[in-house]
Amino acid sequence: MRTSKQMLSGADIFFESLKHEKVKIIFGYPGGAVLKLYEKLYDVDYLKHVLVRHEQGATHMAEGYAKATGKVGVVLVTSGPGATNTVTGIADAYMDSVPIVVFTGQVPSALIGNDAFQEADIVGITRPITKHNFLVRDVAELASTIKKAFYIASTGRPGPVLVDLPKDIINSVCEFEYSDKIELRGYKPNFIGHQNQIKKAANIIKKARKPLLYVGGGVIMSGGFRELRLFAKENNLPVTMTLQGLGAFPMTDSQSLGMLGMHGTYWASQAVDNCDVLVSLGARFDDRVTGKIEAFAPNAYKIHVDIDPTCIDKNVIVDLPIVGDVKHVLAELASEMNEPLPINDWWDQINAWRKEYPLSYETDDGKLRAQYIIEKISEKTKGEAVIVTDVGQHQMWVAQYYKFNNPRSHLTSGGLGTMGFSVPAAIGAAFAIKDRPVVSISGDGGFQMNMQELITAAYYKLPIKFIILNNSFLGMVRQWQELFHAEKFSFTDLSESNPDFKKVGEALGLKSFSVDSPLAVDDILDETFNYNDGPILIEFKIVKEDMVFPIIPSGATVKEIMTRRLDPKEMV
Amino acid sequence: MITKKHTISVLVENHFGAFNRVATMFSGKGFNIHSISIGETETPEVSRMTIVTAGDDRIIEQVVKQLNRLIDTIKVIDLTGQYRVERELALITVYYQKGNRMEITNICEIFRGNIVDINNKTLTLGITGPPDKIDAVVNVLEPYGIKEMARSGTVALKRGEQLKHDKFDKKEILLT
Numbered sequence: 023m024r025t026s027k028q029m030l031s032g033a034d035i036f037f038e039s040l041k042h043e044k045v046k047i048i049f050g051y052p053g054g055a056v057l058k059l060y061e062k063l064y065d066v067d068y069l070k071h072v073l074v075r076h077e078q079g080a081t082h083m084a085e086g087y088a089k090a091t092g093k094v095g096v097v098l099v100t101s102g103p104g105a106t107n108t109v110t111g112i113a114d115a116y117m118d119s120v121p122i123v124v125f126t127g128q129v130p131s132a133l134i135g136n137d138a139f140q141e142a143d144i145v146g147i148t149r150p151i152t153k154h155n156f157l158v159r160d161v162a163e164l165a166s167t168i169k170k171a172f173y174i175a176s177t178g179r180p181g182p183v184l185v186d187l188p189k190d191i192i193n194s195v196c197e198f199e200y201s202d203k204i205e206l207r208g209y210k211p212n213f214i215g216h217q218n219q220i221k222k223a224a225n226i227i228k229k230a231r232k233p234l235l236y237v238g239g240g241v242i243m244s245g246g247f248r249e250l251r252l253f254a255k256e257n258n259l260p261v262t263m264t265l266q267g268l269g270a271f272p273m274t275d276s277q278s279l280g281m282l283g284m285h286g287t288y289w290a291s292q293a294v295d296n297c298d299v300l301v302s303l304g305a306r307f308d309d310r311v312t313g314k315i316e317a318f319a320p321n322a323y324k325i326h327v328d329i330d331p332t333c334i335d336k337n338v339i340v341d342l343p344i345v346g347d348v349k350h351v352l353a354e355l356a357s358e359m360n361e362p363l364p365i366n367d368w369w370d371q372i373n374a375w376r377k378e379y380p381l382s383y384e385t386d387d388g389k390l391r392a393q394y395i396i397e398k399i400s401e402k403t404k405g406e407a408v409i410v411t412d413v414g415q416h417q418m419w420v421a422q423y424y425k426f427n428n429p430r431s432h433l434t435s436g437g438l439g440t441m442g443f444s445v446p447a448a449i450g451a452a453f454a455i456k457d458r459p460v461v462s463i464s465g466d467g468g469f470q471m472n473m474q475e476l477i478t479a480a481y482y483k484l485p486i487k488f489i490i491l492n493n494s495f496l497g498m499v500r501q502w503q504e505l506f507h508a509e510k511f512s513f514t515d516l517s518e519s520n521p522d523f524k525k526v527g528e529a530l531g532l533k534s535f536s537v538d539s540p541l542a543v544d545d546i547l548d549e550t551f552n553y554n555d556g557p558i559l560i561e562f563k564i565v566k567e568d569m570v571f572p573i574i575p576s577g578a579t580v581k582e583i584m585t586r587r588l589d590p591k592e593m594v
Numbered sequence: 057m058i059t060k061k062h063t064i065s066v067l068v069e070n071h072f073g074a075f076n077r078v079a080t081m082f083s084g085k086g087f088n089i090h091s092i093s094i095g096e097t098e099t100p101e102v103s104r105m106t107i108v109t110a111g112d113d114r115i116i117e118q119v120v121k122q123l124n125r126l127i128d129t130i131k132v133i134d135l136t137g138q139y140r141v142e143r144e145l146a147l148i149t150v151y152y153q154k155g156n157r158m159e160i161t162n163i164c165e166i167f168r169g170n171i172v173d174i175n176n177k178t179l180t181l182g183i184t185g186p187p188d189k190i191d192a193v194v195n196v197l198e199p200y201g202i203k204e205m206a207r208s209g210t211v212a213l214k215r216g217e218q219l220k221h222d223k224f225d226k227k228e229i230l231l232t
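For the record, the sequence lines run as chains A and B.
Numbering (my numbering) for the first sequence: 23 to 594.
Numbering (my numbering) for the second sequence: 57 to 232.
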């Protein structure tokens with residue numbers, strides 16, 4: 023590692039800086055504005071460059087890598103279209119607080135604003151969807167800018183940072199020094215929760231008779247899952263998780279109520295509706311969680327722990343805010359209170375709700391169903407796999423039926439709801455995760471949005487299990503059309519237009535299968551999990567019209583929960 | 057909750073794009089801006105933005121938090137309810153007739169403004185003062201026919217001396 027001051031080109035400074043940041047892998051695609059960087063990259067041996075097929079794929083790969091490891095995911099693309107193709111991935115990372123740094127090439131400084139070839143104002147375009155972004159205007163600022171980018175992306179509430187690199191900056195030369203210090207007087211994330219607030223919270227939870235922990239992705243990001251387990255177990259507290267929080271607490275544990283919200287379990291919804299103290303840990307009261315705001319946990323004293331002050335009182339007014347790193351706050355809470363709460367009545371009530379409407383699906387008609395396949399995958403991987411889902415019905419079924427045991431094991435696009443996330447994100451995760459299977463689960467719609475990245479998976483021989491749950495419909499939209507839009511199945515039927523997924527897989531270099539019987543599921547999954555020489559694709563042809571239950575309609579209350587499809591006779 | 061005007065002073069890095077970041081945040085979050093002004097401070101690397109916005113307490117709390125969240129903002133102060141000075145500059149070009157030129161110059165004097173330009177049809181007044189004073193001038197001049205107007209937006213500073221009643225519990229105190 024070069025440490026003493028010396029004259030280096032912008033391109034050299036770029037890679038030296040990445041080395042200082044301990045970057046091991048970058049996802050990228052070359053082009054005119056970054057040629058000089060790729061020229062240097064040719065001889066760089068301390069990091070791996072993954073060649074993607076589309077820049078959106080690169081951003082989701084970086085997200086998958088970051089979510090699975092907690093490290094910063096890095097993307098390198100060219101100017102103009104290369105840069106604009108990263109926008110969806112950046113917005114996704116922003117909504118789900120994923121630490122990624124995206125480096126975009128830019129036309130030479132002198133040409134900026136001239137509508138030069140492959141010019142786009144990517145700093146302007148991404149301003150509202152990045153935690154911060156930079157246009158490097160002087161090569162002397164390059165190293166410190168990269169340092170700031172990684173620092174901002176990975177600290178506080180994590181998020182995407184974009185660094186725009188004009189071509190002339192990369193080519194010019196200056197003295198290189200990688201400082202350990204960062205000067206950002208406008209950015210001081212608050213890591214330590216206020217002691218008095220924490221004490222007060224502990225006293226209130228101690229007195230609760232119907233407490234509930236509402237756990238979000240922040241617990242996983244902060245690495246606070248051990249603290250959460252300790253706190254929940256020692257105090258006998260029920261735990262419900264958001265989509266991003268799944269895995270923060272083992273779902274096989276009797277204290278787990280599973281997911282809450284629109285498609286959460288019946289008993290989690292009832293627990294929210296009836297609890298007297300709700301402790302939100304690294305969650306942001308998203309509308310998919312709360313439904314009708316005024317009716318969310320109506321009787322509860324609400325405690326909200328979050329590192330981002332803007333999350334406090336944004337959607338739901340809380341009684342006791344604690345701004346700070348949730349790992350630290352949980353550790354403090356655990357030290358304040360460690361006696362099981364006498365809440366047997368509450369547990370009896372919760373367990374009664376569990377029995378009232380357990381998660382269920384039709385099993386007697388011999389048809390192949392997504393829920394069954396997911397249960398089987400959960401069983402065969404013992405809840406230890408890294409499951410990367412897309413967006414839609416299958417995503418909710420995974421959240422309901424896969425029993426996640428570990429944090430950083432459930433990777434999904436939650437906030438933005440980006441179809442096409444699963445395939446590339448699984449690839450990013452598979453570069454880091456070698457000791458557990460990585461399973462990508464998509465619907466037939468979302469799969470087609472980034473299926474070109476199968477080529478990347480095949481080229482790098484990543485042993486990813488690509489599962490397509492094909493119901494020949496944009497299933498979640500179909501479900502809403504059936505429930506709320508007069509059964510006008512407008513442009514959601516893909517049965518006429520879907521490709522032959524087995525052939526697609528084969529053409530792109532994957533071992534591929536198609537299955538349509540529940541009787542074949544066991545064998546094909548065994549074969550899938552035993553095959554580790556490269557990626558494998560399994561298309562499951564599932565029933566077309568299944569719906570995700572329970573569902574609390576958008577903006578509705580727990581009272582309006584639907585637990586099953588009504589017979590036409592029951593509907594008035 | 058009651059919607060109220062707030063004057064918020066924001067110190068930002070004098071960087072390329074810092075102003076834009078603030079403006080983008082306001083439009084992206086759907087906060088409204090009555091006026092916004094930006095200029096240098098005593099420290100060249102720092103700019104001061106004065107933003108006049110409106111909203112209920114909850115919205116203003118979010119405005120302040122979201123401003124603080126931007127990496128380029130160094131300090132955010134809601135001056136509302138604090139002893140402060142507020143000034144705005146307006147240039148107002150108004151039509152005059154033969155008989156009423158004196159009337160207009162009198163109005164200008166009453167508001168302690170200056171006539172900064174004149175031709176055979178119009179007079180241009182330069183007025184400084186708190187925004188409500190500018191509003192008053194505009195009201196009075198409207199019947200004469202305002203040809204053009206440019207308002208600078210409010211600039212504001214906390215009063216130098218920390219008075220005892222500073223932070224008067226959200227009650228509006230404005231000395232001019």
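Even glycine gets a Cβ: it sits at the ideal position worked out from N, Cα and C.
None of the values given here were measured: they were computed from a predicted structure.
- Leaving aside the five residues that flank asparagine 296/A on each side, the residues in its chain whose CB is nearer than 8 Å to its CB run, in chain order, Lys232, Asn321, Gln371.
- Assignment of phenylalanine 82/B by DSSP, reduced to helix, strand and coil, places it in the helix class.
- Among the CB atoms of chain B, one or more fall inside 8 Å of the CB of aspartate 335/A.
- Using a CB distance cut-off of 8 Å, isoleucine 89/B does not count as an interface residue toward chain A.
- Following the DSSP letters along the chain, one finds arginine 104/B inside the beta strand (DSSP E) bounded by residues 102–111.
- Of the other Cβ atoms in all chains shown, 16 or more fall within 10 Å of the Cβ of phenylalanine 523/A; this residue is therefore buried.
- Within chain B, the residues Arg77, Leu126, Ile127, Asp128 have their CB atoms less than 9 Å from the CB of histidine 154/A, given in chain order.
- CA-to-CA, the gap between glutamate 85/A and phenylalanine 172/A works out to about 14 Å.
- Runs of the alpha helix (DSSP H) lying entirely within the region 432–486 of chain A and spanning at least 4 residues, in chain order: 444–452, 466–469, 476–481.
- When the beta-carbon positions are compared, isoleucine 242/A and alanine 270/A come within less than 8 Å of each other.
- Nearest to leucine 123/B by alpha-carbon distance, out of Thr136/B, Thr59/B, Ala79/B, Asn156/B, is Ala79/B.
- Proximity of threonine 332/A to chain B, defined by a Cβ-Cβ separation below 8 Å, is satisfied.
- Within 10 angstroms of the beta-carbon of threonine 274/A lie fewer than 16 other beta-carbons, which makes it exposed.
- Rounded to whole angstroms, the gap between the alpha carbons of isoleucine 558/A and valine 299/A is 47 Å.
- Residue ranges of uninterrupted alpha helix (DSSP H) with 4 or more members, entirely inside the region 103–187 of chain A and ordered along the chain, are 103–106, 109–117, 144–148, 164–176.
- Here DSSP, grouped into helix, strand and coil, assigns glutamate 142/B to strand.
- DSSP, reduced to helix, strand and coil, places threonine 63/B within a strand of the structure shown.
- Between proline 188/A and leucine 390/A, the CB-CB gap reaches or exceeds 8 Å.
- Beta-bridge partners of proline 52/A (DSSP): none assigned.
- Secondary structure note for serine 357/A: it is in no beta strand (DSSP E), and the uninterrupted alpha helix (DSSP H) holding it is 348–358.
- Look at the beta carbons and you see the region 353–365 of chain A not touching the region 508–528 of chain A: under three pairs across the two are nearer than 8 Å.
- The DSSP assignment places 187–197 as complete runs of the alpha helix (DSSP H) inside the region 185–213 of chain B, in order along the chain (cut-off: 4 residues).
- Contact of arginine 75/A with chain B is not assigned, every C-beta pair being separated by 8 Å or more.
- Remark: C-beta atoms of alanine 90/A and alanine 454/A approach each other more closely than 8 Å.
- Take phenylalanine 125/A, set aside five residues on each side of it, and the residues of its chain with a beta-carbon closer than 7 Å to its own are Val97, Leu98, Val185, Leu187, in chain order.
- A straight-line Cα-Cα distance of about 7 Å links proline 331/A and lysine 121/B.
- Contact between glycine 246/A and aspartate 128/B is ruled out by a C-beta separation of about 30 Å, above the 8 Å threshold.
- Measuring C-alpha to C-alpha distances from leucine 157/A to each of Asp137/A, Phe318/A, Pro130/A identifies Pro130/A as the nearest.
- Going by beta carbons, threonine 264/A and methionine 281/A fall inside the 8 Å limit.
- One finds Leu157, Arg159 in chain A with Cβ atoms closer than 8 Å to the Cβ of phenylalanine 72/B, taken in chain order.
- The region 314–353 of chain A is shown to contain whole beta strand (DSSP E) runs of 3 or more residues at 323–328, 342–345, in chain order.
- If you ignore the 5 residues before and after tryptophan 289/A, its C-beta comes within less than 6 Å of the C-beta of Leu279, Ile372, Trp375, Arg376, all in its own chain and listed in chain order.
- Contacts with chain A (Cβ-Cβ distance below 9 Å) from the region 95–109 of chain B involve no residue at all.
- Taking a contact as a CB-CB distance under 8 Å, the pair isoleucine 64/B and valine 132/B counts as one, their CB atoms being some 7 Å apart.
- In terms of Cβ geometry, valine 211/B and leucine 181/B do not form a close pair [threshold 8 Å].
- Note: threonine 100/A is not bridge-paired with any residue in the DSSP secondary-structure output.
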